[in-house]
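When we follow this note's numbering, the leftmost residue of the sequence shown carries the number 120, and every step to the right adds one. Where a beta carbon is used, it is the ideal one built from N, C-alpha and C, also for glycine. Just so we're clear, the structure is a prediction, and the values are computed from it rather than from any experiment.
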Amino acid sequence: MSPLLALNKYFGYDSFRPGQAEIIDKILHKQNTLAIMPTGGGKSLCYQIPALVLPGLTLVISPLISLMKDQVDALNDNDIPAAYINSTLDYAEVSANFVKARNGQIKLLYIAPERLESPRFLASLNTLAISLIAVDEAHCISQWGHDFRPSYLSLAASISQISQTPPILALTATATNQVAQDICTRLQINSSNQIKTGFARPNLTFKVVKGQDTLSFLLKYLKNNPTQSGIIYASTRKMVEKIGTFLQEKQIAAVIYHAGLSEHVRRQNQEDFLFERANVIVATNAFGMGINKSNVRFVIHAQTPGSIEAYYQEAGRAGRDGLPSEAILLYHSQDMLTQRFFIDNSEADESYKTNQYQKIQDITHYVNTEVCLQQYIVRYFGQEIDPCGKCSNCTDERLTHDITIETQKILSCVIRMHERFGKKLVAQVLYGSKNKKIAELAFNQLSTFGIMHSMHLKDIEMLIDYLLASGYLVADSSQYPTLSVTKLGSSVLQGNHQVSQKVTQATQTTTLTDIDLTLFEHLRQLRLDIARKQAVPPFVIFSDTTLQELC
Ligand code: ADP
Ligand code: MG
Ligand code: ZN
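See below:
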């Protein structure tokens, strides 16, 4: 049977999605292959079709025990004989499934990576006719990835003990070049056998929302979208509970999901969401990997996750059916402290932690960037695309202001502090803070001390975040990152490069909702005039006090 025929016969689809045909072809030619495709891109078919076309058995290694049953049920529904072996089965069930595999009664066998750590299990695999090994969520193999699983580390060694040499197909949605390289090395995949389809998700509209009250934002959003299915992610169980209770009190059909709930409640809530008895599920990242609900219309992150990879994977659960959907990130600077707390208190080794701190910075840059959000994410994964035209940055019509002078002040302060200090201290020096530490270090003697006194301390910090996000400054990846000036930053100091920023208006728009539009327009003109005449930095013009004066 040809792959296309199998696609049609078993799945009822008539064409392959980008990358699928190529990946399947590699496998049928017995090449070890790495498939990097976005979430919802259709990775499963890349091993399910070869499983049907090849003789013998396909072994699928997946870290998601909770989902094996769902996947196997879905295959069986399509008349594809498949089974799984994991810790939820008793001994008799495990043996029964194993016998089915040995007798050629099933085409796919799903197992968890831990299984391969058992020498007995490994030995018994040699009694099976294995024609393909698929490693799903393959980024878990890399310490540089965002979701490293120790049980994946020994995977390569275990696979190499299998006496047959079936091709290996590694699959992931989120691999930076470094992670992809790591996967290839560990699983002996030739780098020319890396197949990467686009990372862009053209049907998703990305939005970053800053400085808004989480609960009121969510309530308003859900009231405006009353019939749509969506996921709200939060970083902690406590926050999940808080949001869930709040929404339920407001008569919104929301259920919650986190690892602290009993298996029974989790299953119940998940099904309520899947079968649309509940529109909304409020969850930690314990929910969703591999969940096959295609009509999720929005994914809102009430708190910022710890990496762009995690964010994109979770946000990518919106719009798997290809229809327009939204991915919204609500940002509060304290979210980053929560993420830091997770890392500080984890038992990982230092180099792993350093890597995770770096990832927190990367996502902070995402939040602060002014380039197209989709473009920003895709670029992070090493691909270039045109701006999407519809994300919250592409549609941002705020005025652009020149901030070259402020940038120069900040950069020269960083240099005067010998590029050995972090954002908070640099901001305090620029602000002219009376902080004891500054006096102790004699930073109050610096020529840059107090040169930004007219701004709020918080605004100076935000401006530094912006310069980080835009590549004028970099922070190293230690626990307390220190700032240094990049090459691009140096060219600003030399006067060869102008820096601009959109005006932050968020807080003002909310206070101005009741003012009629003519007055608003009048104010806007007034601000413009002042900006032109005085070249005052925009954040000063737009501060609450100035606005009050103008009113
Ligand atoms: P991934 O593992 O890449 O996140 P899945 O394998 O779960 O994605 O597939 C996502 C959805 O896309 C599934 O509902 C699947 O049936 C569907 N799909 C996959 N390939 C095709 C195709 N060629 N044509 C139509 N739908 C497809
Ligand atoms: Mg998948
Ligand atoms: Zn865009």
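Confirm, please, whether the CB-CB distance from residue j to residue i is below 8 Å.
i    : j    : result
A220 : L247 : yes
Y203 : K188 : yes
V359 : V399 : no
E497 : F318 : Looking at the sequence shown, residue 497 is not Glu but Val. Yes. Within cutoff.
S354 : Q422 : yes
S597 : Y476 : yes
L244 : P286 : no
E538 : V490 : no
V618 : Y591 : yes
D255 : I142 : no
S444 : E395 : no
A405 : Y376 : yes
F562 : T601 : no
V327 : L456 : no
A546 : L518 : no
I302 : L341 : no
G407 : I350 : yes
Would you tell me roughly how many angstroms separate the C-alpha atoms of residue i and residue j, rounded to the nearest one?
i    : j    : result
I524 : S426 : 32 Å
V622 : H520 : 7 Å
I419 : T158 : 16 Å
Q627 : T333 : The pLDDT assigned to Q627 is 38, lower than 50, so where the model puts this residue is not dependable; a value taken from the coordinates is nonetheless given after this. If you take the alpha carbons of Q627 and T333, they lie about 17 Å apart.
L290 : N343 : 37 Å
V172 : L449 : 46 Å
D454 : P200 : 45 Å
F392 : S381 : 17 Å
A446 : T324 : 6 Å
I155 : R305 : 16 Å
S589 : D595 : 15 Å
K315 : N296 : 11 Å
A397 : Q387 : 11 Å
S185 : I230 : 11 Å
D578 : K543 : 11 Å
Q307 : T488 : 37 Å
T403 : N216 : 33 Å
T514 : K339 : 21 Å
T483 : G435 : 19 Å
G501 : V384 : 40 Å
R268 : C259 : 5 Å
Q331 : A253 : 43 Å
L587 : Y210 : 55 Å
E516 : G508 : 12 Å
N322 : V533 : 41 Å
L560 : Y599 : 18 Å
H641 : T526 : Per-residue confidence for H641 stands at a pLDDT of 48, beneath the threshold of 50, marking its modelled position as unreliable; no derived number is given.
On a CA-only basis, which of the options is nearest residue i? Give me that one, please.
i    : options                   : result
E234 : S597, I278 and W263       : Checking the sequence, you will find Arg at residue 234 rather than Glu. The shortest Cα separation from R234 among S597, I278 and W263 belongs to I278.
N205 : L393, I199 and S237       : S237
M574 : K528, A594 and V593       : K528
A193 : I180, V213 and S163       : S163
Q313 : T152, I350 and E559       : T152
Y485 : E538, R517 and P424       : P424
S511 : T567, G501, Y495 and Y499 : Y495
S273 : L241, T364, H265 and Y166 : L241
I249 : P232, D196, A294 and P169 : P169
C165 : N197, P174, G175 and L123 : L123
A378 : R356, E368 and H265       : R356
V298 : Y271, L288, L565 and W263 : W263
I570 : Y585, D584 and S552       : S552
Starting from residue i, trace the beta strand (DSSP E) both ways and give me its first and last residue.
i    : result
T177 : L176 to I180
G93  : Not covered by the structure: residue 93. The range shown for the chain is 120 to 670.
F325 : L323 to K329
A373 : A373 to Y376
T514 : Neither: T514 is in no beta strand (DSSP E) and is coded neither H nor E.
T519 : T519 to D521
I314 : Q313 to K315
Start and end of the alpha helix (DSSP H) containing residue i?
i    : result
T483 : E469 to N487
K361 : R356 to E368
E493 : In the sequence as displayed, the identity of residue 493 is Gln instead of Glu. From DSSP, the alpha helix (DSSP H) with Q493 extends over L492 to Y499.
Y352 : Unbroken run through Y352 is the beta strand (DSSP E), G349 to Y352; no alpha helix (DSSP H).
K342 : T333 to N343
P122 : P122 to A125
Determine, using beta carbons only, whether residue i comes closer than 8 Å to chain B.
i    : result
N245 : In summary, chain B is missing from the structure at hand, where a single protein chain is found.
*Complete alpha helix (DSSP H) runs within the region 530 to 602 (minimum length 4 residues, chain order)*: Runs of the alpha helix (DSSP H) spanning 4 or more residues and lying entirely within the region 530 to 602 occur at 542 to 550, 555 to 559 and 576 to 588, in chain order.
_Contained alpha helix (DSSP H) runs [length at least 4] in the region 251 to 301, N- to C-terminal order_ = Within the region 251 to 301, the complete alpha helix (DSSP H) runs of at least 4 residues fall at 269 to 272 and 274 to 280.
*Enumerated in chain order, which unbroken segments of the alpha helix (DSSP H) with a length of 4 residues or greater are wholly contained in the region 137 to 171?*
Correct list: 139 to 147.
*Counting only runs of 3+ residues fully inside the region 384 to 464, write out the beta strand (DSSP E) ranges in chain order.*
Counting only runs of 3 or more, we get 399 to 402, 417 to 420 and 444 to 450.
*Ranges of the alpha helix (DSSP H) found wholly within the region 191 to 263, counting only runs of at least 4*: Within the region 191 to 263, the runs of alpha helix (DSSP H) that reach at least 4 residues and sit entirely inside it are, in chain order, 210 to 221 and 238 to 244.
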